[in-house]
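> Chains as they are written, first to last, in numbering that gives the first Met the number 0: chain A, 0 to 141; chain B, 0 to 135. We put the beta carbon where it would ideally sit given N, CA and C, even for glycine. Take a look at the following structure, please.
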Amino acid sequence: MILGLVALCAPLGDSCLSRGMTRLPQITLAHPASLIAAVFTPWIAVGIAMLIGFFASYLTALSWADLTFVLPATAIGNVFVALIARFWLNEPISLERWAGIVLITIGVGFVAQGPALTERPAAADLTKAEEAAVQLGEEHVR
Amino acid sequence: MIIPSPAPQPGFWAATAMIAAIVLTSTAGEVLTAGAMQSIGDLDEIRARSGLKGAIRAVVTCPLFFAGVGFLALSFFSLLFALNQRLPLSLVAPASASLTIVTDAIAAKIFLKENVDRRRWTSAVLVCIGVYFLAH
Chain A
0 MILGLVALCA PLGDSCLSRG MTRLPQITLA HPASLIAAVF TPWIAVGIAM
50 LIGFFASYLT ALSWADLTFV LPATAIGNVF VALIARFWLN EPISLERWAG
100 IVLITIGVGF VAQGPALTER PAAADLTKAE EAAVQLGEEH VR
Chain B
0 MIIPSPAPQP GFWAATAMIA AIVLTSTAGE VLTAGAMQSI GDLDEIRARS
50 GLKGAIRAVV TCPLFFAGVG FLALSFFSLL FALNQRLPLS LVAPASASLT
100 IVTDAIAAKI FLKENVDRRR WTSAVLVCIG VYFLAH
C-alpha cells in the first residue's frame, strides 16, 4: 500500500502542479510575490499536499525496504501517468512509449518477486539461532 | 530596441557534465536519505511505539537525512540550471531519470551494502530503458 502511494502521489502531485501553473498568468521575476500567492490556489495546494504525501510514504518505504527495491517498484507510477494520459486525457501514445510501458511493467514484476530487504549478518545469525532452537525443540520432543 | 538572439545549445561535453551533475547529486541524495531511514529503523514500528510525533522527531533529528535532502535540493537546482542553459527538457529529463536508476543500484551496493542480485540488476536496467522510452 505504501509503495502504491509513492507511485501514485508523485505523478498526481506533478500533474496538479502543472495544471495549476499553466492556468495562472505568466509569473515573472519582477513580481516574485505572485509565486507565493500561487501556493494558495486550489490545484497548486492539492499538488503540494500530494507531494508531501509522496515524500512521507517514500521515507516510510525506505525505512523497511532497500533503495534498490523501492525505486524500481515505484517506477510503475510512470506507467500510471501514461495510461491516465491515454484513457482520460485522450493523448496518443507512440509505439516507443508502449515499449517503455511494457519494459517498466516487466522490470517491476521482476523486482517485486524478490525480497524487499537485504538480510543483514545480525538478522541472519538470529534466524540461524531460531532454526537451531526449533530443531533442538523437535529433538527434545522425540 | 535590441532583441537578444536565442542562446546556442550547449555542446556535447557541457551537456554531459550537466546531466552528470544532476545524476550524481540525485544519487547522493537518495543514498543518504535511504541510509538515514535504514539507521532510524521501521517508521511504522516507531509510530506504533511513540506516535506520529515520535516518528517525525526520529526523522528530523537524523543529520544524514538533512544531508540527503540537501543533495536532492542540489540536484533540483542543477536541473533548473541545465534547463536555463537551453539543454532540451526532452533530453535532460529522461536521461537523468533513467541513468539515476542504474547509479543508485551501484551506489546502494557499495555504500548501503544492499544485496543487488541478478534479479535487481535486470529490473534496474529494464526500468531504466523503459523510463527512457516513455519520457523521450
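1) Here's a check: name, in chain order, each residue in its chain whose Cβ is nearer than 6 angstroms to the Cβ of Q84(B), leaving out the five neighbours to either side.
2) For V142(A), decide whether its Cβ has a neighbour in chain B, counting only Cβ atoms nearer than 9 angstroms.
3) When you check each C-beta in the stretch 80-103 of chain B against every C-beta of chain D, which residues fall closer than 7 angstroms?
4) Which one of V45(A), P71(A), P91(A) has the shortest CA to CA distance from T121(B)?
5) Could you work out which residues of chain A lie near A47(B), taking near to mean beta carbons separated by less than 9 angstroms?
6) If I measure Cβ to Cβ from D65(A) and keep anything under 7 angstroms in the same chain, skipping five residues before and after, which residues do I get?
7) When you compare only the Cα positions, how much space is there between L90(B) and F70(B)?
8) How do the stretch 7-27 of chain B and the stretch 91-98 of chain B stand: do at least 3 beta-carbon pairs fall below 8 angstroms, yes or no?
9) DSSP state of L94(A), grouped into three classes?
10) Roughly how many whole angstroms lie between the Cα atoms of F75(B) and S49(B)?
11) So, A9(A) versus G99(A), is the Cβ gap smaller than 9 angstroms?
12) What number of angstroms, rounded off, separates the C-alpha of R18(A) from the C-alpha of W42(A)?
13) So W120(B) is in the alpha helix (DSSP H); what residue range does that whole segment cover?
14) Since I believe T104(A) is in contact with A6(A) (beta carbons under 8 angstroms), could you give me their beta-carbon distance rounded to a whole number of angstroms?
15) Any idea what DSSP makes of A115(A), helix, strand or coil?
16) Determine whether the beta carbon atoms of A37(A) and M49(A) lie at a separation below 9 angstroms.
17) Mind listing which residues of the stretch 51-81 of chain B have their C-beta closer than 7 angstroms to chain A's C-betas, in chain order?
18) Three-state secondary structure (DSSP) at T67(A)?
19) Can you give the Cα-Cα distance for I142(A) and A32(A), rounded to whole angstroms?
20) For a test of the three-state rule: what should DSSP assign to G12(A), helix, strand or coil?
21) Cutting at 6 angstroms between CB atoms, please list the residues of its own chain near V115(B), excluding the five before and the five after it.
22) Is F39(A) helix, strand or coil by DSSP?
23) Do S62(A) and D41(B) have their C-beta atoms within less than 9 angstroms of each other?
24) With 9 angstroms set as the bound, which would you pick, yes or no: does the beta-carbon of V22(B) sit closer than that to a beta-carbon of chain A?
25) What does a CB cutoff of less than 7 angstroms around A123(B) pick up in its chain, not counting 5 residues either side in sequence?
26) List the residues of chain B that V110(A) touches, going by C-beta distances under 7 angstroms, in chain order.
Reading it off the structure:
1) Taking the second sequence and counting its residues from 1, one reaches residue 84(B) at position 85. Result list for Q84(B): P9, in chain order.
2) The displayed coordinates of chain A run from 0 to 141. Any statement about residue 142(A) would go beyond what the structure contains.
3) The question asks about chain D, but that chain is absent: this structure's protein chains are A and B.
4) The residue labelled residue 121(B) in the question sits at position 122 within the second sequence. Comparing Cα-Cα distances from T121(B) to each of V45(A), P71(A), P91(A), the minimum goes to P71(A).
5) In the second sequence, the residue the question calls residue 47(B) occupies position 48. Ordered by position in chain A, no residue passes the 9 angstroms Cβ test against A47(B), which lies about 12 angstroms from the chain.
6) Taking the first sequence and counting its residues from 1, the one referred to as residue 65(A) is at position 66. Result list for D65(A): A115, L116, T117, in chain order.
7) Your numbering for residue 90(B) matches position 91 in the second sequence. Your numbering for residue 70(B) matches position 71 in the second sequence. Cα to Cα, the separation comes out at about 22 angstroms.
8) yes
9) On the first sequence, residue 94(A) is found 95 positions in, with the first residue counted as 1. Reduced to three states, the DSSP call for L94(A) is helix.
10) Mapped onto the second sequence, residue 75(B) falls at position 76. Mapped onto the second sequence, residue 49(B) falls at position 50. Each residue's alpha carbon lies about 34 angstroms from the other.
11) If you number the first sequence from 1, residue 9(A) lands on position 10. If you number the first sequence from 1, residue 99(A) lands on position 100. Not a contact, by the Cβ cut-off of 9 angstroms.
12) As a working note, residue 18(A) is residue 19 in the first sequence. As a working note, residue 42(A) is residue 43 in the first sequence. Distance between the alpha carbons of R18(A) and W42(A) is about 7 angstroms.
13) Numbered from its first residue, the second sequence carries residue 120(B) at position 121. Start and end: 117-134.
14) Taking the first sequence and counting its residues from 1, one reaches residue 6(A) at position 7. Taking the first sequence and counting its residues from 1, one reaches residue 104(A) at position 105. With a Cβ gap of about 12 angstroms, A6(A) and T104(A) do not count as contacting.
15) Position 116 of the first sequence holds residue 115(A). Correct three-state label for A115(A): coil.
16) In the first sequence, residue 37(A) corresponds to position 38, counting from 1. In the first sequence, residue 49(A) corresponds to position 50, counting from 1. Contact flag unset, no.
17) V58
18) Stepping through the first sequence from its first residue, residue 67(A) is reached at position 68. In the structure shown, T67(A) sits in a helix (DSSP, three-state: H, G or I).
19) Because chain A here runs from 0 to 141, residue 142(A) falls outside it and cannot be looked at.
20) Mapped onto the first sequence, residue 12(A) falls at position 13. Here G12(A) sits in helix by DSSP.
21) Here the question's residue 115(B) lines up with position 116 in the second sequence. Within the same chain, V115(B) has close Cβ partners A104, K108.
22) Along the first sequence, one-based indexing puts residue 39(A) at 40. In this structure, F39(A) counts as coil in the three-state DSSP scheme.
23) Translated into the one-based positions of the first sequence, residue 62(A) becomes position 63. Translated into the one-based positions of the second sequence, residue 41(B) becomes position 42. Closer than 9 angstroms, so yes.
24) The sequence position of residue 22(B) within the second sequence is 23, counting from 1. It does not: the Cβ of V22(B) has no partner Cβ on chain A nearer than 9 angstroms.
25) For the purposes of this step, residue 123(B) is identified with residue 124 of the second sequence, where counting begins at 1. These residues qualify, in order along the chain: I100, V101, A104.
26) As a working note, residue 110(A) is residue 111 in the first sequence. Chain B residues near V110(A): R118, R119, S122.
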